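All remarks here apply to the structure that follows.
Protein chains: 2
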Amino acid sequence: MASPSATDHERPMTDDRSPPSSGADPAGTRDPAARRDRLELPADEMRRLGYRVVDRIVEHLDTLTEQPAIRRGSRNDLEARLRRPLPEDGTDPEQAIEEVVRDVLHHTGQVQHPRFFGFVPSPSNYVGVLADALVAGFNPFAGTWFAGSGPIQVEMVVIDWLRQLCGLPDSAGGLFVSGGSVANLTALAAARHARLGSHDMGLEQARRLVVYLSDQTHSAVPRALRVLGFGDHQLRRLASDDRCRLPLAELAAAVAADRAAGHEPFCVVANAGTTNTGAIDPLPDLARFCRRQNLWLHADGAYGAAAVLSRRGQRLLDGIGEVDSLALDPHKWLFQPFEIGCVLLRERQILRRAFAVHPEYLRDVERGDEEVNLADYGIQLTRSFRALKLYLTFTIFGARAVRAAVERGFDLAEHAESLLRRQACWQILTPAQLAVVTFRYAPPGADPSTLDRLHDEIVDHLVADGTALLTSTVLRRRTVLRLCTINPRTTEADLTLTLTRLQHLAATLLRS
Amino acid sequence: MASPSATDHERPMTDDRSPPSSGADPAGTRDPAARRDRLELPADEMRRLGYRVVDRIVEHLDTLTEQPAIRRGSRNDLEARLRRPLPEDGTDPEQAIEEVVRDVLHHTGQVQHPRFFGFVPSPSNYVGVLADALVAGFNPFAGTWFAGSGPIQVEMVVIDWLRQLCGLPDSAGGLFVSGGSVANLTALAAARHARLGSHDMGLEQARRLVVYLSDQTHSAVPRALRVLGFGDHQLRRLASDDRCRLPLAELAAAVAADRAAGHEPFCVVANAGTTNTGAIDPLPDLARFCRRQNLWLHADGAYGAAAVLSRRGQRLLDGIGEVDSLALDPHKWLFQPFEIGCVLLRERQILRRAFAVHPEYLRDVERGDEEVNLADYGIQLTRSFRALKLYLTFTIFGARAVRAAVERGFDLAEHAESLLRRQACWQILTPAQLAVVTFRYAPPGADPSTLDRLHDEIVDHLVADGTALLTSTVLRRRTVLRLCTINPRTTEADLTLTLTRLQHLAATLLRS
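Line order of the protein sequences matches chains A and B. The opening position of the first sequence corresponds to residue 1 in our numbering, with each subsequent residue numbered one higher. The opening position of the second sequence corresponds to residue 1 in our numbering, with each subsequent residue numbered one higher.
Now the structure itself:
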């Protein structure tokens, strides 16, 4: 090897043109104006502002039950308050934070509120908040082992906890993503790759693939398929049975018909808890059918799969360990702040085969087999450390408490159903299933279309007064109300208050 | 309308089986064990733990320059420290937090460190951290106006600031996503939808579409195309010119050849700042060419587009306002914590046409035209409030300070280049461009392959000692070092220290 002279190559790199050092603070590191130009604040100010933010969060959480469950601003009002040109100059941080809390964060559905029963609530927990704050502050990168070994190790540990809870084999694994939409999309992309055995999605074969789902499947799934490049003609949306489940006989008939027509049946998307009613498709039957038919079985458990943590959930979700892939959202029934979804593959290496790319500027990250690069397993290269909140929640509260919190969701829905059943005018459309109950105000003799409109009006009134939030859905062509009770801080008194208010609204609005 | 009797329909919903109230705390809301089963902590404990987290973050940021720029754990060591079964019981929160800081968060590349020059750093700012903490605590939903009017209004305002900075027309808009990968994917999905005018991706036409990019394009783009269902045969990866840019003449020839062969040229992906060298493709020429040829022009500005904030960046990025779509990552050069990417479309309604879906259980959100549902504009339905951190950063520091911070990135790279040019043994491969400089240790007479290995070893030594982090890349088949200087807290002394260390390592390793 050439041996250059040390004198030339080891002298320090200095810049003769640099201004002479002006004493203790040559680069102006302590000058407030210079600091701002580096987007930097003094430590004492950082601490003070941080405490202020903590105080606002704690105050909010501690008074949540006294606040409206939802506040919706009008576009006009919010435009007037919040539209402004890009500010050239800065402003007082405390004041800016107070304004955001007052004008922005209060104009939302309070998805953690004990009487927010609409859509799927996100009854987060404070330990998850602490974890997200740590992640924001330390800003770890969880894409490659090279730059994120600690976070990736924790993510693998937490993924393995979920894998075991779901009864998936050792070969299974996955990663955390932004939520159910991307979890479903990631799983379906991997499924397609496994089928085609190639990155060449332009193949004629790709256009023949057919995916089966029910009319209760979450819209995230057809949207994901659309993004993946599946044509509408490649989706078979089967009518669900009277318990809102994918009917096996109709599925078998559709698969046979497609084969006969020269299509290639490829994937069944099962619901492991529908958003609409909490219905669970017959997973063991579907698993058997898919194995026999060489079909990929994906389960969308974004809403319901977390219930495996509980005894009742485990029974209901029997067969979930048989699927080829699974989406599961910890920001729903595992009590995490947005955004944390999870995708699990029965064979985790399929994710890697489907997603890995290796550009030159990442060459330094590819040195060891033991060093897992989670960026190779999904869409994102830059990935934050979503796993920490679930890790700390399980670590600090223990699985026992999380399980109790899940069980409580079941109890609350059953309690709500029993309260509704005591009143003759309420009809239960679907009984409490996975903490969802759907029902309709239907006094004898009332006109069904009038009642449809009534339920829309009930929701409008709830939003306006904020006592509680329920949302509506459509079942068997009729508008019904849905109550999703996964918030462990919901009390029986909250349910009574909410249902009493509903009953009053329904009776009053129907009379008027 | 039927008028049911008030006595039947307005009496409160009560449950006779409820246990009698046992005084001040009937539901056991203050009992510590019951609280844990609801994943709840008392306000004073929440406050104490929150302050603790703030203290750890501030301590970390305040001592960053004294810490290693990177720490990488071995898989074996981290498995031993962090692998454990799902804990059934909880543990002390303070202790759990301390362990996470020590064992997990310290085992990462410190992407905010003033001497972290590898890959693309994420030199976040503390105001962004405060915003992320607020978002975690309040857990707002930014998918629909119904449940997230305040956050959506702010997101639209911030998106409009970026739109104006990029010189895009009033019709332009977009949304925040997890990062550059999803921003590129979202834009390309919209581009395809605009071309096909249909959700039917199974069309024969979809398989004929061809996308053009250069060999310097970020791997996120081919990965996104693969996920979208484009076959490898639909990508044309053109060799870049001697300034690492997409060559217009070769592009024109490739498009003409494809048309002649019956393919359908559809989209050009331009780089608005490559990750490798900061090179910017000739945007005005490409815009003219694409207009004439009826091609969609997408710019991947994930790394570089934020530089439009500065005078120099604006000049370099001339033509960026002409693109049809743009990806831009505020978690890079706009100083935000992960994860915030942004996708902007010249015609924002194309996003809506490409992504909107309308399931029954979201019917309550579709009532007013003025009420924007950002979930209709991209892949995610559940979306957190990514916009807040950028909003608060601009509000508290002002655009003036953010601009100064961007300008500093240019200055630092130019300074590093000038330091390197003073030493004969360092060869500049690509001069400072958008805060990236690439260079190689090349003393006269040294064997090129030996030098390739030398640069790998230099990176290994830097990782091991942590003084600074640089990473390598490959340019014109040779291994070179890259310095990405977008951290405004980097000082000239940091550069001198880093380059002196490099020089010492290079000379020593070459001799050994």
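Heads up, the beta-carbon is just placed ideally off N, CA and C, and yes, glycines get one too. Keep in mind the model is a prediction, meaning the values are calculated, not measured.
Self-check item: Which of helix, strand or coil DSSP assigns to Y303 of chain A
Solution: Translated into positions along the first sequence, residue 303 of chain A becomes position 303. If DSSP states are grouped into helix, strand and coil, Y303 of chain A belongs with coil.
Quiz item: Y212 of chain B bridges to which residues according to DSSP?
Solution: Numbered from 1 along the second sequence, position 212 holds the residue referred to as residue 212 of chain B. Answer is B:R236, B:V268, bridged to Y212 of chain B.
Quiz item: Counting pairs of Cβ atoms below 8 angstroms between the stretch 130-147 of chain B and the stretch 168-184 of chain A, do you hit three or more?
Solution: no
Exercise. Identify the contact partners of V182 of chain B in chain A, using a Cβ-Cβ distance below 9 angstroms as the criterion.
Key: For the purposes of this step, residue 182 of chain B is taken as residue 182 along the second sequence, with counting starting at 1. Within chain A, the residues near V182 of chain B are S178, V182, I379, Q380.
Quiz item: Can you tell me whether DSSP reads C290 of chain B as helix, strand or coil?
Solution: Indexing the second sequence from 1 puts residue 290 of chain B at position 290. Of the three classes helix, strand and coil, the one that applies to C290 of chain B here is helix, per DSSP.
Quiz item: Any idea if H358 of chain B is buried or exposed, counting beta-carbon neighbours within 10 angstroms, 16 or more meaning buried?
Solution: The residue given as residue 358 of chain B occupies position 358 in the second sequence. Burial call: exposed.
Self-check item: Within 9 angstroms of chain B by C-beta, residues of the stretch 126-138 of chain A in sequence order
Solution: Y126, V127, G128, V129, L130, A131, D132, A133, L134, V135, A136, G137, F138
Practice problem: Going by DSSP, name the residue or residues bridged to F116 of chain B. | Solution: Mapped onto the second sequence, residue 116 of chain B falls at position 116. DSSP, once it has assigned bridges, lists B:L469 as partnering F116 of chain B.
Quiz item: Nearest to F138 of chain A by CA position, among B:T485, B:C484, B:Q112, B:A356, is which residue?
Solution: Here residue 138 of chain A refers to the residue found at position 138 of the first sequence. F138 of chain A has its Cα closest to that of B:Q112, out of B:T485, B:C484, B:Q112, B:A356.
Quiz item: Would you say A206 of chain B faces chain A, with C-beta separation under 9 angstroms as the test?
Solution: Position 206 of the second sequence holds residue 206 of chain B. Output row for A206 of chain B: interface = yes.
Practice problem: Quick one: give me the first and last residue of the beta strand (DSSP E) that V177 of chain A is part of. | Solution: For the purposes of this step, residue 177 of chain A is taken as the residue at position 177 of the first sequence. Unbroken beta strand (DSSP E) run through V177 of chain A: 173-177.
Quiz item: Span of the beta strand (DSSP E) holding F146 of chain A?
Solution: Here the question's residue 146 of chain A lines up with position 146 in the first sequence. Run containing F146 of chain A: none in the beta strand (DSSP E); it sits in the alpha helix (DSSP H), 145-165.
Exercise. Evaluate H107 of chain A with the Cβ neighbour count: other Cβ atoms within 10 Å of its Cβ, from every protein chain shown; 16 or more gives buried, anything less gives exposed.
Key: Position 107 of the first sequence holds residue 107 of chain A. Buried, by the Cβ-count rule.
Quiz item: Comparing the C-beta of Y391 of chain B with each C-beta of chain A, is any distance below 9 angstroms?
Solution: One-based indexing of the second sequence puts residue 391 of chain B at position 391. Yes, contact with chain A.
Practice problem: Please state whether DSSP places I428 of chain B in a helix, a strand or coil. | Solution: For the purposes of this step, residue 428 of chain B is taken as the residue at position 428 of the second sequence. DSSP places I428 of chain B in strand when its eight states are reduced to three.
Self-check item: Sequence-distant residues of the same chain with beta carbon closer than 6 angstroms to F176 of chain A, five excluded per side
Solution: For the purposes of this step, residue 176 of chain A is taken as the residue at position 176 of the first sequence. For F176 of chain A, where only same-chain residues beyond five positions count, the Cβ hits under 6 angstroms are I340, C342, R386, A387.
Quiz item: Between Q349 of chain B and A270 of chain B, what straight-line distance do the alpha-carbon atoms span, to the nearest angstrom?
Solution: Taking the first residue of the second sequence as position 1, residue 349 of chain B is located at position 349. Taking the first residue of the second sequence as position 1, residue 270 of chain B is located at position 270. The alpha-carbon atoms of Q349 of chain B and A270 of chain B are separated by roughly 22 angstroms.
Quiz item: Is it the case that the Cβ atoms of T485 of chain B and G409 of chain B are separated by a distance below 9 angstroms?
Solution: Mapped onto the second sequence, residue 485 of chain B falls at position 485. Mapped onto the second sequence, residue 409 of chain B falls at position 409. Yes.
Quiz item: Does the count of Cβ pairs from the stretch 276-287 of chain B and the stretch 422-439 of chain B closer than 8 angstroms reach three?
Solution: yes
Quiz item: Quick one: Cα of A33 of chain B to Cα of G90 of chain B, how far?
Solution: In the second sequence, residue 33 of chain B corresponds to position 33, counting from 1. In the second sequence, residue 90 of chain B corresponds to position 90, counting from 1. Their backbone Cα atoms lie some 11 angstroms apart in a straight line.
Quiz item: Using the rule of at least 16 other Cβ atoms within 10 Å of the residue's Cβ for burial, across every protein chain shown, is R311 of chain A buried or exposed?
Solution: As a first step, residue 311 of chain A is located in the first sequence; it is residue number 311 there, counting from the start. Burial call: exposed.
Practice problem: Just the chain A side, please: which residues come within less than 7 angstroms of A405 of chain B by C-beta, in chain order? | Solution: Here residue 405 of chain B is taken as the residue at index 405 of the second sequence, counted from 1. Simply D37, R38, L39.
Quiz item: From A:V474, A:D318, A:S181, A:L78, pick the residue whose C-alpha is nearest to that of Q153 of chain B; which is it?
Solution: As a first step, residue 153 of chain B is located in the second sequence; it is residue number 153 there, counting from the start. The residue with the shortest Cα to Cα distance from Q153 of chain B is A:L78.
Quiz item: Rounded to whole angstroms, how far is the Cβ of P114 of chain B from the Cβ of T490 of chain B, which I believe are closer than 8 angstroms?
Solution: In the second sequence, residue 114 of chain B corresponds to position 114, counting from 1. In the second sequence, residue 490 of chain B corresponds to position 490, counting from 1. Indeed they touch by this definition, with Cβ atoms about 4 angstroms apart.
Quiz item: Taking Cβ positions only, does A307 of chain B come closer than 9 angstroms to chain A?
Solution: As a working mapping, residue 307 of chain B is identified with position 307 in the second sequence. No, its Cβ sits nowhere closer than 9 angstroms to a Cβ of chain A.
Practice problem: May I ask you to report which of helix, strand or coil DSSP gives R195 of chain B? | Solution: Here residue 195 of chain B is taken as the residue at index 195 of the second sequence, counted from 1. Looking at R195 of chain B - three-state DSSP - the assignment turns out to be helix.
Exercise. Consider the Cβ of D62 of chain B: report whether some Cβ of chain A lies at a distance smaller than 9 angstroms.
Key: In the second sequence, residue 62 of chain B corresponds to position 62, counting from 1. Chain A, which has a Cβ nearer than 9 angstroms to the Cβ of D62 of chain B, makes this yes.
Practice problem: For A287 of chain A, collect the residues of the same chain with a Cβ closer than 8 angstroms to its Cβ; drop the 5 residues on either side in sequence, then sort them by chain order. | Solution: As a position in the first sequence, residue 287 of chain A is number 287, starting the count at 1. So the list reads L297, G319, E322, V323, once near-sequence residues are dropped.
Practice problem: Taking only beta-carbon positions, decide if M1 of chain B is within less than 9 angstroms of chain A. | Solution: The sequence position of residue 1 of chain B within the second sequence is 1, counting from 1. Here M1 of chain B scores only 39 on pLDDT, less than 50, and its place in the model is too uncertain to base an answer on.
Quiz item: How would you list, in chain order, the residues of chain A whose beta-carbon sits under 7 angstroms from the beta-carbon of R75 of chain B?
Solution: Walking along the second sequence from the start, residue 75 of chain B turns up at place 75. Simply E370, E371.
Practice problem: Mind checking who I486 of chain A pairs with in its DSSP beta bridge? | Solution: Start at 1 with the first residue of the first sequence, and residue 486 of chain A comes out as number 486. Beta-bridge pairing links I486 of chain A to no other residue.
Quiz item: Going by other Cβ atoms of all chains shown within 10 Å of its Cβ, with 16 needed for buried, is D329 of chain A buried or exposed?
Solution: Residue mapping note: residue 329 of chain A aligns to position 329 of the first sequence, counting from 1. When all chains shown are included, D329 of chain A counts as buried.
Exercise. Quick one: give me the first and last residue of the alpha helix (DSSP H) that L392 of chain A is part of.
Key: On the first sequence, residue 392 of chain A is found 392 positions in, with the first residue counted as 1. Its alpha helix (DSSP H) spans residues 387-421.
Exercise. Could you check how far apart the C-beta atoms of A468 of chain A and R501 of chain A are, in whole angstroms? I think they sit under 8 angstroms.
Key: Position 468 of the first sequence, counting from 1, holds the residue named residue 468 of chain A. Position 501 of the first sequence, counting from 1, holds the residue named residue 501 of chain A. About 6 angstroms separates the two Cβ atoms, so the contact holds.
Quiz item: Should N294 of chain B be labelled buried (16 or more other beta-carbon atoms within 10 Å of its own) or exposed?
Solution: For this step, residue 294 of chain B is matched to residue 294 along the second sequence. It is exposed - the Cβ of N294 of chain B has fewer than 16 other Cβ atoms within 10 Å.
Quiz item: In chain order, what residues of the same chain lie with their CB nearer than 6 angstroms to the CB of L316 of chain A, ignoring the 5 residues before and after it?
Solution: Within the first sequence, numbered from 1, the residue matching residue 316 of chain A stands at position 316. Around L316 of chain A: I280.
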